[in-house]
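Inspection log for the structure reproduced underneath, given as structure tokens.
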């Protein structure tokens, strides 16, 4: 039987509207291309040391990049090693040249690492601008006594602050 013109038109319309949808890959590929270029441009070799807002670091103009080592932080009234509190500033005796809790923690880390290199282990001290020099000297002496002789002080790059 021959179908009418109206029936053919309705059938064409029905088949056109009930087709499974296609996936447009062009826009998806555009997004991924932009994402790849964005990641390539913004990836850099800058080492960023984790710092809390409680420790305002001194500024430096050095161009050397930071090395990730054992971190000793002075935050508020506490001394932390790798984020774990090992001593309180209230418990430090004025006559002592070393800090007991810090020395115990550094000895434990040294024993875990095994063989001590000839130049000693590396340690980075992160203390604020307002930290008392006598306290900083005690921390450094404690590190040296426990074979952490490569002592670095964490500073804020002048470029990061906006002065460079």
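Numbering (UniProt numbering), first residue to last: 1 to 164. All residues carry an ideal CB built from backbone N, CA and C; glycine is no exception. None of these values were measured; they are calculated from a predicted model.
When the distance is taken between beta carbons, is residue j closer than 9 Å to residue i?
i, j, result
"residue 86", "residue 101", "yes"
"residue 132", "residue 98", "no"
"residue 70", "residue 121", "yes"
"residue 40", "residue 74", "no"
Is DSSP giving residue i helix, strand or coil here?
i, result
"residue 40", "helix"
"residue 94", "coil"
"residue 81", "strand"
"residue 75", "strand"
"residue 105", "helix"
"residue 99", "coil"
"residue 35", "helix"
"residue 23", "coil"
"residue 30", "helix"
"residue 138", "helix"
"residue 130", "coil"
Residue i: buried (16+ other C-beta within 10 angstroms of its C-beta) or exposed?
i, result
"residue 105", "buried"
"residue 163", "Note on residue 163: pLDDT 46, under 50, position unreliable in the model; the coordinate value appears next. Exposed."
"residue 32", "exposed"
"residue 138", "buried"
"residue 82", "exposed"
"residue 148", "buried"
Kindly examine the ligand NAP and report whether one of its heavy atoms sits closer than 8 Å to the Cβ of residue i.
i, result
"residue 7", "Of ligands this structure carries none, so the ligand NAP is not represented either."
Sort out for me which residues DSSP pairs residue i with in a bridge.
i, result
"residue 88", "78"
"residue 150", "122"
"residue 70", "123"
- Would you be able to state if there are at least three C-beta pairs under 8 Å between the stretch 85-96 and the stretch 107-114? No: the two stretches stay apart, fewer than three of their Cβ pairs being nearer than 8 Å.
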